[in-house]
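**Q** Right, I'll just put the structure down here and ask away after.
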Amino acid sequence: MKKQLIFILGFYILLFLSSGFVLLDEFVLVQTGTHVEIPTTTTRTTTTVSTTEPTTDEFGSTEPTTIADPNIAYPGEKPSILNQATVIGSYHTETLLITIYRLRLYGSNVFVADVVVADAKQILGAFAHNDFGGSNVVETVSTMARNNQAVFAINSDWASHYTEGFVIRNGQILRTTDTYRHAVMLREDGSVVSFAEESTTVEALAQDGAWQVWSFGPVLVKAGQSVVDNDAWPDRNGVLNPRSAFGYLAPGHYMFVVVDGRTDVSLGVDVEQLANILLLLDCDEAYNFDGGSSSTMWFDGEVVNHPSNGEEREVGDIVFIPR
Amino acid sequence: MIVAAGLFLLDFVYNQFSHGIGSWYMHLVPTVVLLAGFAPAFVVARFGEPKPVLIELWRMGLSAVVAAMILTGILEIAGSETRSLASFYGVGILLWLIAATLYLLYLARKEADR
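Sequences listed follow chains A and B, in order. One rule links them: number in the numbering used here = place in the first sequence (from 1) + 6. One rule links them: number in the numbering used here = place in the second sequence (from 1) + 16.
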């Protein structure tokens, strides 16, 4: 009888401790992974930064700021929705043009980085502490951006948060295991395509010129059409939340979007609304990044949006553009 | 019943802070507790009371499955993949199978003794 009691008690103590360990392992304990070097970039000579602070109230200004003449030509007409937006900053070199806009859509504050690059390899990825594949290795977008001499950065897919899913960063294959998810690939030639991971291999993507492969999703826009459904699994897609996304217009021309949420001022959007925003920005392909309190856009030394926690959340990785 | 009600409350409270994101594992935990509690009660009422150790084995299995489902729900809501929980489900189901098998053997022996 006493043995039975000890066995039963031992089982429940073990179950309690195991449950605690699972939670600690997932949310607290730091385990490092692989050190990842970020490619160095060439220094550019011509640089102009102009930022405009909101004038009357936080989001009252609708008068666009004049953008200094860039050294790289803007491809075609800018999306008409941006004529209603407020320019809150811009930066250009002879190979890079970034304009940061703020606009109101769906009861939310939407921040758009309109990015034109001469070479897709100017779009880089970085990990917290340059570590991939560990757990709970995190830094703020600001810290990672500063450490990598970025002018622009946004949170990306938090690749280390998952144990599976293709990951290619800066041309380097980091994870080869596929998942049920759809991923998106930025090729070295500047083109972008999304695909079901189960339909290919990471080696085939590398052969195809993959420069970045992000695995989060869902795919928002494909061939100029919205392809998301709020009712599709997982149910987080249909909830109003802060969101981050990446959009593609043409080789060398991209949109990075952050939507603030979870406040009375900015409600946030579901994935269908997010896809519509990317369509308004004339995107041919668009992909959802990690959202919620992770959604952070950083430009020229400052966070431009309002992360829903009231302060920056520490995340696993960023997409950034170096100065 | 009390445990199921407590788990229902846990799911409800958790949902208030999960920004509208839910997990079917969390939603279904109270139902699993009710089913795993009532179904054997009907069997026992029909065929006879098992030894206390078998009841305890069944409860231990249920505890492991419930812990696994709650943890799966928490990780799902956090946007994580569920890791290292297969052993929880495995242990729970194994304990259920052992308890059920021993109960069936007990019934068979009881029938043979008649």
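Glycine residues also receive a C-beta, built at the ideal position from the N, C-alpha and C atoms.
Give a yes or no on contact between the region 222-232 of chain A and the region 151-160 of chain A, applying the rule of three or more CB pairs nearer than 8 Å.
**A** With a cut-off of 8 Å, the region 151-160 of chain A and the region 222-232 of chain A do not count as touching, because too few Cβ pairs lie within range.
**Q** Report the option in 315/A, 177/A and 265/A whose CA atom is closest to the CA atom of residue 118/A.
**A** Out of 315/A, 177/A and 265/A, 265/A has the C-alpha closest to the C-alpha of residue 118/A.
**Q** Taking any Cβ of chain A, which residues in the region 72-87 of chain B have a Cβ under 7 Å from it, in chain order?
**A** So the list reads 72, 76, 79, 80, 83 and 87, given in the order they occur along the chain.
**Q** Is the number of C-beta pairs between the region 130-141 of chain A and the region 297-315 of chain A that are closer than 8 Å three or more?
**A** Contact fails: fewer than three Cβ-Cβ distances are below 8 Å.
**Q** Just the Cα atoms here: how many angstroms apart are residue 187/A and residue 221/A?
**A** The alpha-carbon atoms of residue 187/A and residue 221/A are separated by roughly 7 Å.
**Q** Within the same chain, show all residues whose beta-carbon is closer than 7 Å to that of residue 112/B, passing over the 5 residues directly before and after it, in chain order.
**A** Hits under 7 Å: 74 and 77.
**Q** Decide yes or no for the touch test of the region 267-281 of chain A against the region 194-211 of chain A: beta carbon pairs closer than 8 Å, at least 3 of them.
**A** Flag = no, the region 267-281 of chain A and the region 194-211 of chain A do not touch.
**Q** So residue 154/A and residue 326/A are in contact, right, with Cβ under 8 Å, and what is the actual spacing, rounded?
**A** At roughly 6 Å, the Cβ-Cβ gap stays under 8 Å, so residue 154/A and residue 326/A are in contact.
**Q** Measure from the alpha carbon of residue 115/A to the alpha carbon of each residue in 329/A, 303/A and 84/A, then state which is nearest.
**A** Comparing Cα-Cα distances from residue 115/A to each of 329/A, 303/A and 84/A, the minimum goes to 303/A.
**Q** Out of 180/A, 267/A, 236/A and 257/A, which one is the CA nearest neighbour of residue 250/A?
**A** Ranking 180/A, 267/A, 236/A and 257/A by Cα distance to residue 250/A puts 267/A first.
**Q** Can you find a C-beta in chain D that's less than 8 Å from the C-beta of residue 25/A?
**A** The structure shown contains no chain D; its protein chains are A and B.
**Q** I want to verify the contact list: residues of chain A whose CB lies under 8 Å from the CB of residue 43/B, in sequence order.
**A** Residues of chain A passing the Cβ test: none, with the nearest at roughly 11 Å.
**Q** CB residue 200/A to CB residue 173/A, shorter than 8 Å?
**A** The answer is no: Cβ separation not under 8 Å.
**Q** In this structure, what does DSSP give as the bridge partners for residue 10/B?
**A** An answer regarding residue 10/B cannot be provided, because it is not within the stretch 17 to 130 covered by chain B.
**Q** Classify residue 28/B: buried if its beta carbon has 16 or more other beta carbons within 10 angstroms, exposed otherwise.
**A** By the 10 Å Cβ count, residue 28/B comes out exposed.
**Q** For the pair the region 34-46 of chain B and the region 76-96 of chain B, tell me if three or more CB-CB distances fall below 8 Å.
**A** At 8 Å Cβ cutoff, the stretches touch.
**Q** Give me the chain B residues within the contact set of residue 321/A, using Cβ-Cβ distance strictly less than 8 Å, ordered along the chain.
**A** The contacting residues do not exist; residue 321/A stays about 12 Å from chain B at best.
**Q** Taking residue 328/A as part of the beta strand (DSSP E), name the residues at either end of that continuous run.
**A** 323-328 is the span of the beta strand (DSSP E), which, as asked, contains residue 328/A.
**Q** Suppose the cutoff is 6 Å on Cβ atoms and the five residues either side in sequence are ignored; what does the same chain contact list for residue 112/A look like?
**A** Excluding sequence neighbours, residue 112/A sits near 275 and 279.
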